[in-house]
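Just so you know, the sequences run in chain order C and S.
The working numbering puts the first residue of the first sequence at 3, with every later residue one more than the last.
The working numbering puts the first residue of the second sequence at 3, with every later residue one more than the last.
The block underneath contains the structure these notes are about, expressed in structure tokens.
2 protein chains.
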Amino acid sequence: MAKPGVSSKVGTAGDGPSESRRALVEAAIETLRIDGFARASARSISARAGCNQGLVFYYFGSVSNLLLAALDAVSADRLERYSAAVAATASPQELVEVAATIFREDLDAGYAKVLVEMIAGASSTPGLGPEVLARIAPWTAFAGRAIQGLVGESGLGSVVPAEEAAYGVVALYLGLEMLSHLDGDRANALALFERAKQLATLFGAFTGAIK
Amino acid sequence: MAKPGVSSKVGTAGDGPSESRRALVEAAIETLRIDGFARASARSISARAGCNQGLVFYYFGSVSNLLLAALDAVSADRLERYSAAVAATASPQELVEVAATIFREDLDAGYAKVLVEMIAGASSTPGLGPEVLARIAPWTAFAGRAIQGLVGESGLGSVVPAEEAAYGVVALYLGLEMLSHLDGDRANALALFERAKQLATLFGAFTGAIK
DNA sequence: GTCTATACTTGGATAGAC
DNA sequence: GTCTATCCAAGTATAGAC
Numbered sequence: 003m004a005k006p007g008v009s010s011k012v013g014t015a016g017d018g019p020s021e022s023r024r025a026l027v028e029a030a031i032e033t034l035r036i037d038g039f040a041r042a043s044a045r046s047i048s049a050r051a052g053c054n055q056g057l058v059f060y061y062f063g064s065v066s067n068l069l070l071a072a073l074d075a076v077s078a079d080r081l082e083r084y085s086a087a088v089a090a091t092a093s094p095q096e097l098v099e100v101a102a103t104i105f106r107e108d109l110d111a112g113y114a115k116v117l118v119e120m121i122a123g124a125s126s127t128p129g130l131g132p133e134v135l136a137r138i139a140p141w142t143a144f145a146g147r148a149i150q151g152l153v154g155e156s157g158l159g160s161v162v163p164a165e166e167a168a169y170g171v172v173a174l175y176l177g178l179e180m181l182s183h184l185d186g187d188r189a190n191a192l193a194l195f196e197r198a199k200q201l202a203t204l205f206g207a208f209t210g211a212i213k
Numbered sequence: 003m004a005k006p007g008v009s010s011k012v013g014t015a016g017d018g019p020s021e022s023r024r025a026l027v028e029a030a031i032e033t034l035r036i037d038g039f040a041r042a043s044a045r046s047i048s049a050r051a052g053c054n055q056g057l058v059f060y061y062f063g064s065v066s067n068l069l070l071a072a073l074d075a076v077s078a079d080r081l082e083r084y085s086a087a088v089a090a091t092a093s094p095q096e097l098v099e100v101a102a103t104i105f106r107e108d109l110d111a112g113y114a115k116v117l118v119e120m121i122a123g124a125s126s127t128p129g130l131g132p133e134v135l136a137r138i139a140p141w142t143a144f145a146g147r148a149i150q151g152l153v154g155e156s157g158l159g160s161v162v163p164a165e166e167a168a169y170g171v172v173a174l175y176l177g178l179e180m181l182s183h184l185d186g187d188r189a190n191a192l193a194l195f196e197r198a199k200q201l202a203t204l205f206g207a208f209t210g211a212i213k
């Protein structure tokens, strides 16, 4: 373990007060967001960060490791904040409303875009797939907990198991993110959240009635 | 219009009996499927096609145009076949069953993967987004017609408009494709189709009852 | 420990051979 | 009309300067 970049956990930081390293992670996020995976090269990222491209390899060992560090950076922050927001919800309507807010925020800030680019780009770099997958697992688990808390008490858990539904929710989320970015219009996706809110109200009345 | 590649419609073929051109389109599909957008270069594609890389630019003018031709090639064939299959369905259960078969086929053959790579890769090439979007529109319309035929006769069209639902269905489809490829396991996605089939049976009984 | 200059590889594009 | 040889730009990676 001679170089900082080949440590087991990518992007741990705390390796010292290196401004370049921090700037590279930030620039990697921006590059994935704006230019996409295919243009996320050591040269373009370092140019955005305002430092020499060789530093990518000094700090991270490879471009892939830098991109994974970028993914870690956006994930950690978001997962914590969103978990707190979801934990504070009591009804299905509230949950969907929080989900819609999260989606809008992700779309505007481009956080989910980073994830989508990494998933789609994973097939272009050997060994990247499992690493990306490991960083999605917490999100599927997060969605699973939210759904569990929603239907767990009613008998609906047997109709659609929480884990199964969570997989679908994450897939839908990623798909909406992709389409919204492609057509440059978030209205279609947001309309679906509005519709889901209406259905959640119905659902809430339903589960309340059979209790 | 000096070169064949800069004609208004990409990949029209019938421009002559050029084996190289056909091989390039085929190789582009394979490359997008296996190596992803980021590695879909003129060199790697032409190597797979067994011809000189300069031919990419001779026939298509640019790598992007070749990739779009590849997208056209998979789309035209699939859309025709799937439309016929869906038109032959009568009940919601049948529709979901056909959808599951299509999904399984797409996943195995990697057709939807080509689409996902092009969508995610679109942000890496200026001007590619609108071209890809234009090639997705027929699919959203296709999903819209299928859903319309399903709920159009009942009063449910007002609860969830067909166009809105179609957008969600396409997003879900793309998201499932992405996740399935990432974790190399189609079981999670297929389980959702099984669940949908059960719900479709319930739905069929419901709309039958209120008629 | 931090960073740069440099070596080598791959990719996009075209002028011109056949 | 079809294709290849060749040019230059962009990318990865590292040896070594500070």
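We put the CB at the ideal spot given by N, CA and C, even for glycine.
Query	Result
Beta carbon of S/Gly123 nearer than 9 Å to that of C/Ala173	no
is_contact[S/Thr127, chain C] using C-beta, thresh 9 Å	yes
Residue nearest to C/Ala205 in terms of C-alpha spacing, selected from C/Glu99, C/Tyr169, C/Leu34 and C/Val153	Note that residue 205 of chain C is Phe in the sequence shown here, rather than Ala. When each option's Cα is compared against that of C/Phe205, the closest is C/Val153.
C/Ile104 versus C/Ala49 - alpha carbon distance	31 Å
Test: S/Lys199 CB closer than 9 Å to a CB of chain C	no
Whole-angstrom C-beta distance between S/Leu81 and S/Val88, which should lie under 8 Å	In fact, because the Cβ distance is near 10 Å, the residues do not count as touching under 8 Å.
Residues within the segment 165-177 of chain C neighbouring chain S, beta-carbon criterion of under 8 Å	Glu166, Tyr169, Gly170, Val172, Ala173, Leu174, Tyr175, Leu176 and Gly177
CB contact below 9 Å: S/Ile36 versus chain C	yes
Rounded C-alpha distance that separates C/Ser77 from S/Ser20	49 Å
First through last residue of the alpha helix (DSSP H) which encompasses S/Ala72	Val65 to Ala89
Straight-line Cα distance separating C/Leu57 from S/Glu28	39 Å
Closest residue to C/Arg203 among C/Ser66, C/Gln95 and C/Leu70 (Cα-Cα distance)	Per the sequence shown, residue 203 of chain C should be read as Thr rather than Arg. Residue C/Gln95 is the option with its Cα nearest to C/Thr203.
Distance between S/Ala136 and C/Lys5 (C-alpha atoms, nearest Å)	Per-residue confidence for C/Lys5 stands at a pLDDT of 44, beneath the threshold of 50, marking its modelled position as unreliable; no derived number is given.
Any C-beta of chain C under 9 Å from that of S/Ile2	What the structure shows of chain S is the stretch from 3 to 213, and residue 2 of chain S is not part of that stretch, so it cannot be assessed.
C-alpha distance - S/Lys199 paired with C/Leu201, whole-angstrom precision	20 Å
Residues of the segment 180-198 of chain C with Cβ closer than 8 Å to any Cβ of chain S, in chain order	Met180, Leu181, His183, Leu184, Asp185, Gly186, Asn190, Ala191, Ala193, Leu194 and Arg197
Inter-residue spacing [alpha-carbon to alpha-carbon] between S/Glu166 and C/Leu194	7 Å
Alpha-carbon spacing of S/Leu26 relative to C/Leu70, whole angstroms	33 Å
Neighbour flag for C/Gly123 against chain S, beta carbons, 9 Å	yes
C-beta neighbour in chain C for S/Ser9, strict 9 Å	Bear in mind that a pLDDT of 36 at S/Ser9, under 50, signals an unreliable position, so the number given afterwards is only what the model happens to contain. No, S/Ser9 does not count as interfacial toward chain C.
First and last residue of the uninterrupted alpha helix (DSSP H) at S/Phe59	Gly56 to Phe62
Where C/Leu52 falls, given that 16 or more other Cβ within 10 Å makes a residue buried	A small fix is needed here, since residue 52 of chain C is Gly in this sequence, not Leu. Exposed.
Under 9 Å between C-beta atoms of S/Ile149 and S/Ala168	yes
Outcome for S/Arg35 when other beta-carbon atoms lying within 10 angstroms are tallied against a minimum of 16	buried
Spatial neighbours of C/Val8 in its chain, beta-carbon cut-off 6 Å, leaving aside the 5 residues before and after	Below a pLDDT of 50, predicted positions are generally treated as unreliable, and C/Val8, at 38, falls in that range; no measurement from the model is reported.
Cβ-based neighbour list, S/Gly112, same chain, cut-off 7 Å, excluding 5 preceding and 5 following	Arg35
Contact with chain C by S/Arg50, beta-carbon distance below 9 Å	no
Rounded separation between S/Leu184 and S/Arg41 - CA only	17 Å
Buried versus exposed, by CB contacts within 10 Å (16 or more), S/Asn67	buried
Secondary structure of S/Arg35, DSSP reduced to three states	helix
Cross-chain neighbours of C/Arg137 in chain S, by beta carbon under 9 Å	Here the premise fails: no neighbours, minimum Cβ distance about 11 Å.
Contacts around C/Gly129, its chain only, beta-carbon distance under 6 Å, and the 5 residues preceding and following it disregarded	none
Neighbour list for S/Ala40 in chain C, Cβ cutoff strictly below 8 Å	Phe39, Ala40, Gly123, Ser126 and Thr127
Residues near C/Ser22 by beta carbon distance below 8 Å, same chain, minus five either side	Ala51, Cys53, Leu57 and Tyr61
Contact check, S/Leu192 vs S/Ala102, beta carbons under 9 Å	yes
Cutoff 9 Å: S/Glu32 Cβ touching any chain C Cβ	no
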